[in-house]
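S.K.: Numbering (this note's numbering), first residue to last: 166 to 736.
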RNA sequence: UGGGGCAUCGCCAAGUUGGUAAGGCAUCGGGCUUUGAAUCCGACAUUCGCAGGUUCGAGUCCUGCUGCCCCAACCA
């Protein structure tokens, strides 16, 4: 625990306008020195990496300034919400490393109080029952350049409004018959202030409150009140709610009884290249079977990237690195990958696994001889994870890509007449290949130099390349799933005329290898265990694994400057 | 066209009484190397959307312009 605190001191968090604002509020003694934030997702889908940014921000700010952060389900629309989503949200936030303690709430917890406040608003002449249809309301709202028309309901008496609202709650009216609207200003240049709806009738049972209610408050009303009721001091949301702030403040000012004065602050939501963040479209990917589910490792959902092998530490680091600002921006996916590699590099034991195997026969090693070698599990710090024994035998698996019959000069791997080091083992020189009738190489032949045991030549002879291998006799088969971007374009969000967004879905985002060769000792690895397959990347054990047949997900490949220098791969 | 926002290196992003452009990612060199990984060293904005103005001095102040985002769901 305390061992890590003696490491290099954490760098001071980057400056951002929200931290500065909270700091200034604290200094000014605002809110009695209290800091309370909240993360308020609507349980209508799974959380994604964009939500992770918000979670880190809200819980992070609270923790940093000695405050707390609530987890609240913003469940005001029973048509879209589901218990499955609330479960997944709690699970994901917890997994990311944040704790709401006992402060898990629902906007629906406050339906009773919100209703009472609405009644007060009516009594104060600041809200009225409107009998316009949805269509009429839309038309009556005007446009951005023209003022709207006042609803006839605006002239209703307080008594009649109260009576109607009571009957709306009692279930006397069908969906859409009436709404409750705030009486603000139909000519406001801010469309959000043109008598916004507060309540609509919906005879639908609710995920949390069942059939208790048949009318439900709308977002603006319920959200501002929920914040005030909980005592939120800083209500952090994304930029698209900027126009709603004036309305938020109106509610805070005119509703009673309300004790607190929360402040809404907006920041730019996360956008990532090659990534779709729309909840609606992510749902379609799941429903239409383009992916295997919300937790498909190709999905940008927390559940997906968790299964993929991304760690909470990497995601938190990413959230810190991207910063917080008010300018819309799109972060390169490569930054997230950097954070993941950076974290995994420090925690994963190294093992050798051959993904696309070809046999290498050591001609000068007898059939039944086994040489036992030792391999360090974490070469950066040999003491950290110990070592393991490796059997070296006549028949080995090596990576197909590590052999070329007619290589370019920069190729440091195996080729006829060339010598390479087999990691932790010996120098091996290729003596030839065996081909089938089709002319395909089926086997590579070579000889090992017994004096180079461990990988160093006593004569000081150097070798350019080191490749990984596994004893064919001892290797176990495993399934390995290689992932690539789900979309082929950097901005899958861009609307292209005549083209459906699904057309940018990649056909090669998943490649399954059924016969990868793994070191025998790996066969006992637990689901979720993570390793670096040397020279191949970071991998984790997938829950689909069965006894005797492990399934690995490639979390992320290693950086590959050679491939980069050689140009794009043909695959 | 009304209102609300935003514009600093390829991508993020600091820059707050105006004082002479942080950092990260990416990229490019080089060292080291039993992972072409990691790591280490070095390079990388005379310039802050554009045009004027104020000032000894402006990314920071003023004026005008341009571009992009958001708002006309009984969604959030």
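From the three backbone atoms N, C-alpha and C, an ideal C-beta is built for every residue, glycine too. Values in this document were obtained by computation on a predicted structure and should not be read as measured data.
In whole angstroms, give me the CA-to-CA distance for residue 464 and residue 656.
M.R.: Their backbone Cα atoms lie some 15 Å apart in a straight line.
S.K.: Measuring alpha carbon to alpha carbon, tell me which residue in 577, 384 and 715 is nearest residue 731.
M.R.: Considering only alpha carbons, the answer is 577.
S.K.: Looking only at its own chain, which residues have a Cβ that is under 6 Å from the Cβ of residue 159, when we skip the five neighbours before and after it?
M.R.: Nothing can be reported for residue 159: it is not among the residues displayed for the chain, which extend from 166 to 736.
S.K.: Just grab the DSSP bridge partners of residue 614 for me.
M.R.: Residue 614 is bridged to 592.
S.K.: Could you name the residues of the same chain whose beta carbon sits closer than 8 Å to that of residue 632, not counting the 5 residues immediately before and after it, in chain order?
M.R.: Excluding sequence neighbours, residue 632 sits near 563, 564, 567, 578, 579, 585, 586, 587, 588 and 700.
S.K.: Within the same chain, show all residues whose beta-carbon is closer than 8 Å to that of residue 276, passing over the 5 residues directly before and after it, in chain order.
M.R.: 374, 377, 378, 381 and 382.
S.K.: How about residue 398 and residue 199: do their beta carbons lie closer than 7 Å?
M.R.: Contact flag set, yes.
S.K.: Once you ignore the five residues that flank residue 262 on each side, which residues in its own chain have a CB closer than 7 Å to its CB?
M.R.: Only 477 and 481 meet the Cβ criterion.
S.K.: When you compare only the Cα positions, how much space is there between residue 174 and residue 549?
M.R.: In this prediction, residue 174 has a pLDDT of 46, which is less than 50 and means its spatial position is unreliable; what the coordinates show is noted afterwards. One C-alpha to the other measures close to 21 Å.
S.K.: For residue 555, count neighbouring C-beta atoms within 10 Å of its own C-beta (all shown protein chains included) and say buried if the count is 16 or more, exposed if not.
M.R.: Flag for residue 555 reads buried.
S.K.: So, under 8 Å CB-CB, residue 372 and residue 522 are touching, yes? Tell me the CB distance rounded to an integer number of Å.
M.R.: Incorrect: roughly 50 Å between the Cβ atoms, too far for contact.
S.K.: Please identify the residue among 340, 301, 324 and 320 whose C-alpha is closest to the C-alpha of residue 313.
M.R.: It is 301.
S.K.: Buried or exposed: which applies to residue 201, given that a residue is buried once 16 or more other Cβ atoms fall within 10 Å of its Cβ?
M.R.: Its Cβ being crowded by 16 or more others within 10 Å, residue 201 is buried.
S.K.: Within 8 Å, do at least three Cβ pairs link the region 631 to 648 to the region 712 to 719?
M.R.: The region 712 to 719, when compared against the region 631 to 648, does touch it at the 8 Å Cβ threshold.
S.K.: Look up residue 512 in the DSSP assignment and say whether it is helix, strand or coil.
M.R.: In the structure shown, residue 512 sits in a helix (DSSP, three-state: H, G or I).
S.K.: Let me know if residue 223 comes out buried or exposed under the rule of 16 or more other beta-carbons within 10 Å of its beta-carbon.
M.R.: Residue 223 comes out buried.
S.K.: My parser needs the alpha helix (DSSP H) runs of 4 or more residues fully inside the region 288 to 364; what are they?
M.R.: Listed in chain order, they are 299 to 305 and 323 to 335.
S.K.: Taking the alpha carbon of residue 260 as the point to measure from, which residue in 274, 475, 345 and 410 has its own alpha carbon closest?
M.R.: The shortest Cα separation from residue 260 among 274, 475, 345 and 410 belongs to 475.
S.K.: For residue 442 versus residue 215, is the C-beta distance shorter than 7 Å?
M.R.: A contact, by the Cβ cut-off of 7 Å.
S.K.: What residues in its chain sit with their C-beta under 6 Å from that of residue 468, if we drop five residues either side in the sequence?
M.R.: The answer, listed in chain order, is 211, 459 and 460.
S.K.: Buried or exposed: residue 682, going by 16 or more other Cβ atoms within 10 Å of its Cβ?
M.R.: Residue 682 comes out buried.
S.K.: Which two residues bound the contiguous alpha helix (DSSP H) that contains residue 477?
M.R.: Its alpha helix (DSSP H) spans residues 477 to 487.
S.K.: Taking only the alpha-carbon atoms, compute the straight-line gap between residue 414 and residue 671 and give it to the nearest angstrom.
M.R.: Cα-Cα distance, rounded: 45 Å.
S.K.: State yes or no: is the C-beta of residue 559 within less than 7 Å of the C-beta of residue 532?
M.R.: Yes; because the gap between Cβ atoms is below 7 Å, this pair is in contact.
S.K.: Can you tell me where the alpha helix (DSSP H) with residue 387 in it begins and where it stops?
M.R.: Its alpha helix (DSSP H) spans residues 384 to 395.
S.K.: Give a yes or no on whether the C-beta atoms belonging to residue 427 and residue 391 are separated by under 7 Å.
M.R.: No, they are not a contact pair.
S.K.: To the nearest angstrom, how far is it from the Cα of residue 616 to the Cα of residue 626?
M.R.: C-alpha separation (whole angstroms): 11 Å.
S.K.: Rounded to whole angstroms, what's the CA-CA distance from residue 423 to residue 387? Just pull it up for me.
M.R.: Their Cα atoms are separated by approximately 13 Å.
S.K.: How big is the Cα-Cα spacing for residue 634 and residue 485?
M.R.: Going from the Cα of residue 634 to the Cα of residue 485 covers about 39 Å.
S.K.: Is the region 358 to 370 touching the region 329 to 338 in the sense that three or more CB pairs, one from each, lie closer than 8 Å?
M.R.: Result yes; three or more Cβ-Cβ pairs closer than 8 Å.
S.K.: By DSSP's criteria, residue 554 is part of a beta bridge. Which residues make up the other side?
M.R.: DSSP output for residue 554 lists 539 as bridge partner(s).
S.K.: Pop quiz: residue 677 and residue 691 are said to be a contact at Cβ under 8 Å. What is the actual Cβ separation, rounded to whole angstroms?
M.R.: Going by Cβ atoms, the distance from residue 677 to residue 691 rounds to 21 Å, so no, they are not a contact pair.
S.K.: With DSSP as the reference, label residue 721 as helix, strand or coil.
M.R.: Reduced to three states, the DSSP call for residue 721 is strand.
S.K.: Among the candidates 322, 307 and 394, whose CA atom is the shortest distance from the CA of residue 359?
M.R.: Measuring from the Cα of residue 359, the nearest candidate turns out to be 307.
S.K.: Could you pull out every unbroken beta strand (DSSP E) segment of at least 3 residues lying fully inside the region 596 to 657, listed in chain order?
M.R.: With a minimum length of 3 residues, the continuous beta strand (DSSP E) runs that stay inside the region 596 to 657 are 606 to 614, 634 to 636 and 641 to 648.
S.K.: Tell me the residue span of the alpha helix (DSSP H) that contains residue 250.
M.R.: Segment 248 to 260, the alpha helix (DSSP H) holding residue 250.
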